[in-house]
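Following: one structure in structure tokens, then a few remarks.
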Amino acid sequence: MDELAKALLPLSAPPSAPAWNHADMAALLGGGERAPAAVLVGFREGVQPRLIFTVRTGHLQSHAGQVAFPGGRSEPADGDALTTALRESEEEIGLDRTLVTPLGFLDCFETISGFLITPVVARIAAQARLHPAPDEVAEVFEVPLAFLLEPANLRRYTMEFRGHRRAMVEFVHGGHRIWGATAAMLYNLLERMGRT
Numbered sequence: 102m103d104e105l106a107k108a109l110l111p112l113s114a115p116p117s118a119p120a121w122n123h124a125d126m127a128a129l130l131g132g133g134e135r136a137p138a139a140v141l142v143g144f145r146e147g148v149q150p151r152l153i154f155t156v157r158t159g160h161l162q163s164h165a166g167q168v169a170f171p172g173g174r175s176e177p178a179d180g181d182a183l184t185t186a187l188r189e190s191e192e193e194i195g196l197d198r199t200l201v202t203p204l205g206f207l208d209c210f211e212t213i214s215g216f217l218i219t220p221v222v223a224r225i226a227a228q229a230r231l232h233p234a235p236d237e238v239a240e241v242f243e244v245p246l247a248f249l250l251e252p253a254n255l256r257r258y259t260m261e262f263r264g265h266r267r268a269m270v271e272f273v274h275g276g277h278r279i280w281g282a283t284a285a286m287l288y289n290l291l292e293r294m295g296r297t
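Residue numbers (the working numbering): 102 to 297.
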């Protein structure tokens with residue numbers, strides 16, 4: 102966890118636009134404004150730290166059935182990305198914010214759906230109980246950090262989207278496919294740790 106913490110942007114200096122993938126998204130979406138959002142990249146404490154993921158319910162308008170970090174669109178009352186990530190995690194998986202210790206940030210990330218996401222990295226107490234909100238989250242699962250740090254578990258592929266070929270990454274663990282924006286944010290973490 103020390104290596105991870107050293108790789109983060111400090112809490113005192115949150116990231117801002119443009120996102121690290123802005124050029125790619127500008128080619129696909131144009132240079133317009135992106136809606137602010139935040140996710141919680143939460144590591145449950147323990148002998149083997151584990152990263153917490155959700156599976157979005159199948160009836161949602163966007164990204165239904167996909168693996169994601171808890172999080173979502175920022176609301177005006179939130180004030181900052183940390184507040185958004187904590188509020189959304191409370192709503193989606195019942196995470197008690199008093200059991201969360203923020204560590205820092207990853208670089209901002211732009212999505213195909215038009216969001217500018219700020220990933221908030223945090224430590225989550227081992228005793229935290231998680232309860233998925235059934236209207237948003239079908240499942241909560243955890244992946245050991247050691248699995249994500251193992252180079253053989255990072256899969257690279259290319260996909261075509263709107264006439265553009267895009268380099269992509271993914272992880273597959275326990276029957277779950279972690280891809281898209283979630284995998285890209287994990288890749289940013291690995292890059293910052295010098296593990297790519």
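Ideal Cβ positions, reconstructed from N, Cα and C, are used throughout, including at glycine.
Residue i, buried or exposed, once every other Cβ within 10 Å from all chains shown has been counted against 16
i: Glu271; result: buried
i: Thr259; result: exposed
i: Thr297; result: exposed
i: Val148; result: exposed
i: Ala253; result: exposed
i: Thr202; result: exposed
i: Val273; result: exposed
i: Asp236; result: exposed
i: Gly133; result: exposed
i: Arg151; result: buried
Contact belief for residue i with residue j at Cβ below 8 Å, rounded distance in angstroms
i: Val238; j: Val156; result: 7 Å
Which listed residue (the options) has its alpha carbon closest to that of residue i
i: Ile225; options: Trp121, Phe154 and Ser117; result: Phe154
i: Leu93; options: His274, Arg267 and Ala285; result: Not covered by the structure: residue 93. The range shown for the chain is 102 to 297.
i: Arg278; options: Ile213, Leu249 and His265; result: Leu249
i: Ala136; options: Phe170, Leu287 and Arg174; result: Arg174
i: Gly215; options: Pro177, Leu110, Leu204 and Asn122; result: Asn122
i: Gly131; options: Thr212, Leu291 and Ala169; result: Thr212
i: Ala118; options: Ala178, His265 and Ala182; result: Ala182
Whole-angstrom distance between residue j and residue i, CA atom to CA atom
i: Met294; j: Asp103; result: 11 Å
i: Gly180; j: Leu187; result: 12 Å
i: Asp125; j: Trp280; result: 17 Å
i: Phe210; j: Leu141; result: 13 Å
i: Ser190; j: Arg263; result: 32 Å
i: Leu287; j: Gly276; result: 18 Å
i: Glu292; j: Thr184; result: 26 Å
Closer than 8 Å to chain B by CB, residue i
i: Leu249; result: In summary, chain B is missing from the structure at hand, where a single protein chain is found.
Evaluate contact between the region 182 to 201 and the region 216 to 233, counting only Cβ atoms and requiring at least three cross-stretch pairs below 8 Å.
Yes, they touch.
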